[in-house]
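Student: Sequence positions in the sequence shown follow numbering that gives the first Met the number 0 and run 0 to 494. Ideal Cβ placement from N, Cα and C applies to all residues, glycine included. Below is the structure I would like to discuss, written out as structure tokens.
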Amino acid sequence: MNRVVNPVKLCLANLDRLPDGVADPGYARSSLSPGILHIGVGNFHRSHQMVYLDRLFEQGRDLDWAVVGAGIKPYDAEQRRRLAAQDWLTTVVDLSADGSSARVVGSMVDFCEVRAEAIIARLADPAIRIVSLTITEGGYYIDATTGGFDAAHPEIRHDAEHPGDPQTVFGVLLAALGQRRARGLAPFTVLSCDNVPQNGDVTRRTVLGLAGLVSQDQHDWIAATVAFPNAMVDCITPATSERERELLADRFGLDDAAPVVCEPFRQWVIEDNFPQGRPALEHVGVQFVDDVTPYETMKLRILNASHMAIAYPSALLGYETVHDAMDDEDIARWMMQLMRREVIPVLTPIPGLDFDDYLTTCARRFANPALGDTIARLCQDASNRLPKFVLPTVSDALAHGAPVDGLALEIAFWSRMCAAAADSGIDLHDPRSDQLTSAARAARSDPAAFLGLSEVFGDLGRNEPFTKAFAWHLDEVSTRGPREALRRFMDGVEA
0 MNRVVNPVKL
10 CLANLDRLPD
20 GVADPGYARS
30 SLSPGILHIG
40 VGNFHRSHQM
50 VYLDRLFEQG
60 RDLDWAVVGA
70 GIKPYDAEQR
80 RRLAAQDWLT
90 TVVDLSADGS
100 SARVVGSMVD
110 FCEVRAEAII
120 ARLADPAIRI
130 VSLTITEGGY
140 YIDATTGGFD
150 AAHPEIRHDA
160 EHPGDPQTVF
170 GVLLAALGQR
180 RARGLAPFTV
190 LSCDNVPQNG
200 DVTRRTVLGL
210 AGLVSQDQHD
220 WIAATVAFPN
230 AMVDCITPAT
240 SERERELLAD
250 RFGLDDAAPV
260 VCEPFRQWVI
270 EDNFPQGRPA
280 LEHVGVQFVD
290 DVTPYETMKL
300 RILNASHMAI
310 AYPSALLGYE
320 TVHDAMDDED
330 IARWMMQLMR
340 REVIPVLTPI
350 PGLDFDDYLT
360 TCARRFANPA
370 LGDTIARLCQ
380 DASNRLPKFV
390 LPTVSDALAH
400 GAPVDGLALE
410 IAFWSRMCAA
420 AADSGIDLHD
430 PRSDQLTSAA
440 RAARSDPAAF
450 LGLSEVFGDL
460 GRNEPFTKAF
470 AWHLDEVSTR
480 GPREALRRFM
490 DGVEA
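Printed below as a string of structure tokens:
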């Protein structure tokens, strides 16, 4: 395909001259006013929440629920710069084996300056009734050993001691809630959109934990008045690179500095607890329920855990893209067998939901060749993701006397990958990279060194059946290689 010589620059002024095949927002941006402030304007937020709102606005509904973006990290400033140059518009490209579609999404109307005081001032605006978050699984200050709030984290200690100069998202929320209370304004609802089990409860615990370090009175007011609904979110969304920008220019004739490509599948299940109101997203496919736990558990322990299961052996076997890995019969069979043997059997049955059907759908989504999702993306931030997606299943299986052989093999693949990355100078993209590489190297002679990372494994590192299985499989992966280790598991050779 030849590159379009002069692709149309994405901006408001060019919405009436979008190339054929690119859908416009379908509503006047001038008709929107903000009701949501979203912290963490990455690819997932723009492929998911922004698309749902865009569809709602296209129906002429709830035009006072547009999004204001925000962020407090250095990379947020760069994202703000890119999006400002195109009037906060984003092109979302849905890719599937059957074809692709592109749509300009206009549901974000502003982006706060990347300064805590600017975000706090915007949050104090009574028009903002929901604050949503995509701050990554590792952004909630969870103590891996206790599962509770990490009050000793240096960033939390800073915000507790300097509440007027917050450095964390939660310090910003606390300061803004304090301003609203002082002005007699109702508090906003806080809606996490991260892949964290019971994400609303975790967000509430972190906010209250920080508030308790600052003021017991403020803690009690927040506990009594602020809603933190739990939610389950799902849409496979790779990172944006030059590949995606070129795809948009070549295939659709549009110049977008920050496009998003994703799969066509989207799911959002939310507990219906919004005291200050909410957009009527049920009209565009969002499910509002009393308890999101069954949906969340299914997604985290099957879809997210399946991603992690294929990530490490695929990396060791040299695969770069997820669909190529899924074309490898050993990788695909390993994922399905692990889920069917050790994960699904310890899940509590949910009336009306077929776990095996869901797993089959996940495998089909992973195999989507048009998406170009990368193994590197699946591997990143593993020390934060594994305790949320995989280790709860290990704990449940051990508690019920169920097998953990495959789960131990998965951890062995991860350890081997960490050691291999260190030897090759590859960045693990993990906040604990140095600890992981050191422990993985030590595990070559002492397997307990890796499971001894208590901030990741907690008490599991001292569970004899699990540590024994891990040690056996780590030796298998190291001496026989990843492919033979996979095949021996699938043939029923156990520790």
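1) In chain order, what residues of the same chain lie with their CB nearer than 8 Å to the CB of M0, ignoring the 5 residues before and after it?
2) Can you name the start and end residues of the beta strand (DSSP E) that W267 belongs to?
3) Within the same chain, show all residues whose beta-carbon is closer than 7 Å to that of S106, passing over the 5 residues directly before and after it, in chain order.
4) Just how far apart, CA to CA, sit F469 and G491?
5) Just to confirm, is the Cβ distance from F187 to Q275 under 9 Å?
6) Residue range of the beta strand (DSSP E) that A436 falls in?
7) Specify whether the segment 201-219 and the segment 145-159 touch according to this definition: at least 3 beta carbon pairs, one from each stretch, less than 8 Å apart.
8) Using only the alpha-carbon positions, how far apart do S394 and A421 sit?
9) Helix, strand or coil for A366, going by three-state DSSP, please let me know.
10) Return yes when the Cβ of R415 is within less than 9 Å of the Cβ of S313, no when it is not.
11) Name the DSSP beta bridge partners of G491, please?
12) Nearest to R79 by CA position, among M325, D109, N367 and A185, is which residue?
13) So what does DSSP say about L253, is it helix, strand or coil?
14) Less than 6 Å between C-beta atoms, sequence neighbours within five positions excluded: which residues of the same chain meet that for F227?
15) I believe H44 touches C234 by the beta-carbon criterion, under 8 Å. Please report the beta-carbon distance rounded to the nearest angstrom.
16) Quick one: using the 10 Å Cβ neighbour count with 16 as the cut-off for buried, is T466 buried or exposed?
17) For P481, decide whether its Cβ has a neighbour in chain B, counting only Cβ atoms nearer than 9 Å.
18) Can you confirm whether the segment 216-230 touches the segment 347-362 when touching is taken to mean that 3 or more C-beta pairs between the two stretches lie within less than 8 Å?
19) Could you pull the DSSP bridge partners for D109 from this structure?
20) Is H218 helix, strand or coil when you go by DSSP?
21) Have a look at E319 and C261 and give me their C-alpha separation to the nearest angstrom.
22) What are the start and end residues of the beta strand (DSSP E) that includes P33?
23) Would the C-beta of Q434 count as close to the ligand ZN, meaning under 8 Å from any of its heavy atoms?
24) Is there contact here, the segment 337-349 with the segment 298-318, by at least three beta-carbon pairs under 8 Å?
Tutor: Here's the rundown:
1) Unreliable placement is indicated for M0, whose pLDDT of 46 sits below 50; no coordinate value is reported for it.
2) Q266 to E270
3) M49, L52, D53, F56, A65 and V66
4) 16 Å
5) yes
6) Note that residue 436 is Thr in the sequence shown here, rather than Ala. Run containing T436: none in the beta strand (DSSP E); it sits in the alpha helix (DSSP H), S432 to A441.
7) yes
8) 29 Å
9) coil
10) no
11) Note: G491 sits in no beta bridge, so no partner.
12) D109
13) strand
14) V189, G199, T202 and R203
15) Actually they do not touch by this definition, with Cβ atoms about 10 Å apart.
16) buried
17) The structure shown has no chain B; it contains just one protein chain.
18) no
19) V67
20) helix
21) 17 Å
22) P33 to I38
23) The ligand content of the structure shown is nil, which means the ligand ZN is not present either.
24) yes
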